[in-house]
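Count along the sequence shown from 1, add 23, and you get the number used in the numbering used here. Below: one structure, written as structure tokens.
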Amino acid sequence: MNKAAIAVLVSGGGTNLQALLDAQTSGALTSGEIRLVVSDRAGVYALQRAKRHGVAGEILPKENYPDAHLFGQDLARLLEQYQIDLIVLAGFLSILDECFVQKYPHRILNIHPSLIPAFCGKGYYGLKVHEEALKRGVKISGATVHYVNDIPDGGEILLQKAVSVQPGDTPASLQKRIMEEAEWVLLPQAVEMVSAKIIKREEGK
Ligand code: GRF
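Set out below in structure tokens:
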């Protein structure tokens, strides 16, 4: 295996996916290649970004899956079909069930827009994270890349980057700064790091 095959799971604008695609183009991401983008809803801009980059896009509409276990089964089938080695949650809003997560130990990464263990866990996503950080009056926030396990935002932390909170920040301005200064920097670094580990492990077999 000369590159790890990566699937990126999305639910929205896909700016973190774009950071990965740009890293692939610039050569910052060389140990992995993005082979598939899976969205849990149709019509999201992340799928446009994938198409523009010539990456396969698939949709598993969340409304078709009242049961997370069935979603996980169909997702696993897709990943098998594309022979995926590493799964990256990038602005992905659906919960993956325990049975799915346990199939991929140390093979699923997530980017969370706070310095875990602050402002994370069930219900903490999108602007809500930054609303709570500002409400608490923190002076520093940031982003975290962690492995995914069966506890929401509870997996082993891989990388973190701090971002200062500015006077007068709104949830939107803080989110923007954390995305630009932390998320879009950390995720490509983490994906390159873990992809290189996967290749090395495969070569060692
Ligand atoms: C953002 O809130 C980001 O912090 C989090 O998911 C949301 C959308 O990300 N990771 P994206 O633009 O879809 O990558």
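Note that beta-carbon positions come from the ideal geometry of N, C-alpha and C, so glycine has one too.
**OP:** With DSSP collapsed to three states, give me the class of GLN125.
**Re:** Indexing the sequence shown from 1 puts residue 125 at position 102. If DSSP states are grouped into helix, strand and coil, GLN125 belongs with the helices.
**OP:** Please state whether DSSP places ASN133 in a helix, a strand or coil.
**Re:** The sequence position of residue 133 within the sequence shown is 110, counting from 1. In the structure shown, ASN133 sits in a strand (DSSP, three-state: E or B).
Original post:
Count the other CB atoms within 10 Å of the CB of HIS169; is the residue buried (16 or more) or exposed (fewer)?
Top reply: Start at 1 with the first residue of the sequence shown, and residue 169 comes out as number 146. By the 10 Å Cβ count, HIS169 comes out buried.
Subject >> LEU150 Cβ short of 8 Å to ligand 1 heavy atom set >> reply: Here the question's residue 150 lines up with position 127 in the sequence shown. Within the cutoff, so yes.
**OP:** Report yes or no: do three or more beta-carbon pairs, one from the region 28–42 and one from the region 54–69, lie closer than 8 Å?
**Re:** yes
Original post:
Can you tell me whether DSSP reads THR53 as helix, strand or coil?
Top reply: Residue numbering aside, residue 53 sits at position 30 when the sequence shown is read from its first letter. THR53 falls in the coil class under three-state DSSP.
Subject >> 4-residue-minimum alpha helix (DSSP H) runs that sit fully inside the region 183–211, ordered along the chain >> reply: Counting whole runs of 4 or more residues, the region 183–211 contains the alpha helix (DSSP H) stretches 194–201.
Subject >> Residue from ASP192, ALA30, ASP120 whose Cα sits closest to the Cα of SER62 >> reply: Taking the first residue of the sequence shown as 1, we reach residue 62 at position 39. For SER62, the nearest C-alpha among the options comes from ALA30.
Original post:
So, using beta-carbon positions, are LEU116 and TYR148 closer together than 9 Å?
Top reply: The residue given as residue 116 occupies position 93 in the sequence shown. The residue given as residue 148 occupies position 125 in the sequence shown. In this structure, TYR148 lies closer than 9 Å to LEU116 by Cβ.
Original post:
Which ranges does the alpha helix (DSSP H) cover as unbroken runs of at least 4 residues, wholly within the region 76–126, from first to last along the chain?
Top reply: Listed in chain order, they are 91–104, 121–126.
Subject >> Those residues which DSSP pairs with VAL31 across a bridge >> reply: Residue 31 sits at position 8 when you count from the first residue of the sequence shown. According to DSSP, VAL31 bridges with VAL60, VAL111.
Original post:
Within the present structure, is the beta-carbon of GLN71 separated from the nearest heavy atom of ligand 1 by less than 8 Å?
Top reply: Taking the sequence shown and counting its residues from 1, the one referred to as residue 71 is at position 48. GLN71: no, Cβ never under 8 Å from ligand 1.
Original post:
Going by other Cβ atoms of all chains shown within 10 Å of its Cβ, with 16 needed for buried, is LEU40 buried or exposed?
Top reply: Walking along the sequence shown from the start, residue 40 turns up at place 17. It is buried - the Cβ of LEU40 has at least 16 other Cβ atoms within 10 Å.
Subject >> Given LYS145 as reference, the closest of LYS126, HIS129, ILE174 once Cα atoms are compared >> reply: Within the sequence shown, the letter at position 122 stands for residue 145. Of the candidates LYS126, HIS129, ILE174, the one whose C-alpha sits nearest the C-alpha of LYS145 is ILE174.
Original post:
So which of SER49, VAL208, LEU182, GLY178 has the shortest CA-CA distance to HIS129?
Top reply: The count along the sequence shown starts at 1 and reaches residue 129 at position 106. Per the Cα distances, GLY178.
Original post:
With a CB to CB cut of under 6 Å and the five nearest residues on each side skipped, what residues in its chain are close to ASP176?
Top reply: By one-based count along the sequence shown, residue 176 stands at place 153. Around ASP176: HIS135, ILE139, CYS143, GLY144.
Subject >> Cα-Cα separation, GLY80 to VAL161 >> reply: By one-based count along the sequence shown, residue 80 stands at place 57. By one-based count along the sequence shown, residue 161 stands at place 138. So the two alpha carbons sit approximately 38 Å from each other.
Original post:
Do TRP207 and ALA42 have their C-beta atoms within less than 9 Å of each other?
Top reply: Position 184 of the sequence shown, counting from 1, holds the residue named residue 207. Position 19 of the sequence shown, counting from 1, holds the residue named residue 42. Contact: yes.
Original post:
Who are the near neighbours of HIS92 in its chain, counting only those whose CB is closer than 7 Å to its CB and skipping five residues on each side?
Top reply: Position 69 of the sequence shown, counted from the first residue, corresponds to residue 92. For HIS92, where only same-chain residues beyond five positions count, the Cβ hits under 7 Å are ASP120, CYS122.
**OP:** Might you give, ordered along the chain, the residues of its own chain that have their beta carbon closer than 7 Å to the beta carbon of PRO211, omitting 5 neighbours on each side?
**Re:** To locate residue 211, count along the sequence shown from 1; it is residue 188. The residues are ALA42, LEU43, ALA46, ALA51, LEU52.
Original post:
If you measure from the CB of VAL78, is any heavy atom of ligand 1 nearer than 8 Å?
Top reply: In the sequence shown, the residue the question calls residue 78 occupies position 55. No, the beta carbon of VAL78 sits no closer than 8 Å to any heavy atom of ligand 1.
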